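In what follows, a single structure is set out as structure tokens and then discussed.
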Amino acid sequence: MLTIVSWNIQYGKGVDGRIDLHRIADVVEQDGLPDVLCLQEVSRNDPETANGSDQLSELQKLFPNYEIFYGASQNRSGGKDGGRRQFGNLILTRRSPLQVLHHLLPSPADPKAKFMSRQTTEIVLSTDSGALRLMNTHLEFFSEKQQLAQVQRIRELHEEACAQTREAGLDFPNTPFARIQRPENMVICGDFNFVSESASYRLITSAFLEHVPDLVDAWDVVHPDNDRSPTCGIFDHKQWKKGPHCRDYFFISQNLSPQVNQVSVNTETAASDHQPIRITFEE
């Protein structure tokens, strides 16, 4: 079994306003430690979000048996004690990846919206049934134009990886030109900042050309007849005035659908404004 948890932790800020990464770790452990933990909104040395703390170091101490791979969507000067002021996504994994890639996502000019840079981190994992490409991301909220461009870039990355699998380049082992697999099997998770009725949702799940597996919503694979569990707005009604709804997903390549065993949401914790979501695959 391969278990992945995705959670926008809002830099550890709970609905009570308290920043507490120990509380985040306790929730993850109580639910059952996953093989891979994908977090969004992790802060480093930023006095504006987490009192300048280095949350990367703190999370490494809280999860000592995991390798960590940080994708900074923001990387600026002016951090605490002269450090880099960073904000982004973090993957913690108990399975050492074959490869790690960081992709900056597009932010086309949109003068009517406030926005921040966005990125996705991709790792390739070895499983009993073959290699798996896992991506962790956090998309734009305030600009639909930028969000749609980011979804399109994710689709292009999927097409690129599938093409590299079909038409692999020359291999020069034990050199920087060694060929490392980017498999068709793909999982992308995170805070997508869109609802299932949106144009962005329709775009990410729209059909690809031949030879590229479509991306499907894993919730619908497991729960085709059940209402979707909300992933935000359950407890924080100040930020989420529309109440409980879903913005966090697992999208998977269609060829992985038979292996999905479970998709669930922890709707009990108020340790962040979002809820942790979990997927389990049969290997």
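Position in the sequence shown (first residue = 1) + 306 = this note's numbering. From the three backbone atoms N, C-alpha and C, an ideal C-beta is built for every residue, glycine too. The model shown is predicted, which means the values in this text are computed figures rather than measured ones.
Helix, strand or coil at residue i according to DSSP, with G and I counted as helix
| i | result |
| --- | --- |
| K547 | coil |
| T586 | strand |
| V457 | helix |
| D387 | helix |
| L476 | coil |
| I510 | helix |
| Q392 | strand |
| T575 | coil |
| T471 | helix |
Residue environment, residue i, which counts as buried when at least 16 other CB atoms sit within 10 Å
| i | result |
| --- | --- |
| T537 | buried |
| Q336 | exposed |
| H580 | buried |
| D322 | exposed |
| M441 | buried |
| I310 | buried |
| N252 | Examination of residue 252 is not possible in this model, given that the chain is present from 307 through 589 alone. |
| F587 | buried |
| F498 | buried |
| E516 | exposed |
| D554 | buried |
| T481 | exposed |
Residue range of the beta strand (DSSP E) that includes residue i
| i | result |
| --- | --- |
| C538 | Run containing C538: none; DSSP gives neither H nor E here. |
| V569 | V566 to V571 |
| I494 | M492 to D497 |
The alpha helix (DSSP H) enclosing residue i, as first and last residue numbers
| i | result |
| --- | --- |
| Y376 | Not the alpha helix (DSSP H): Y376 falls in the beta strand (DSSP E), residues E373 to R382. |
| S363 | Q361 to L368 |
| L515 | Note, L515: premise wrong, no alpha helix (DSSP H); not H, not E. |
| S563 | Per DSSP, S563 belongs to no alpha helix (DSSP H) and is neither H nor E. |
| V528 | A524 to V528 |
Closer than 6 Å: residue i CB and nearest the ligand HEM heavy atom
| i | result |
| --- | --- |
| S502 | With respect to the ligand HEM, the structure shown offers nothing to examine, as it has no ligands at all. |
Which ranges would you report for the alpha helix (DSSP H) in the region 309 to 355 if only whole runs of at least 4 residues count?
List check, alpha helix (DSSP H) in window: 327 to 337.
Under 8 Å, with one C-beta from each stretch per pair, do the region 520 to 532 and the region 469 to 484 reach the 3-pair mark?
With the cut-off at 8 Å, the region 520 to 532 and the region 469 to 484 do not touch.
Hey, is the region 355 to 366 in contact with the region 388 to 396, meaning 3+ C-beta pairs nearer than 8 Å?
As far as the Cβ criterion goes, the region 355 to 366 touches the region 388 to 396, which means the pair count is three or higher.
Under 8 Å: do the region 410 to 422 and the region 381 to 392 share three or more Cβ pairs, one atom per stretch?
As far as the Cβ criterion goes, the region 410 to 422 does not touch the region 381 to 392, which means the pair count is below three.
Uninterrupted beta strand (DSSP E) stretches inside the region 405 to 452 (no shorter than 3 residues)
Listed in chain order, they are 405 to 411, 424 to 433 and 436 to 444.
Would the region 516 to 526 and the region 481 to 489 be scored as touching if the rule is three or more Cβ pairs under 8 Å?
With contact defined as three or more Cβ pairs closer than 8 Å, the region 516 to 526 and the region 481 to 489 are not in contact.
Counting Cβ pairs, one atom from each stretch, are 3 or more of them under 8 Å apart for the region 503 to 520 and the region 454 to 473?
The region 503 to 520, when compared against the region 454 to 473, does touch it at the 8 Å Cβ threshold.
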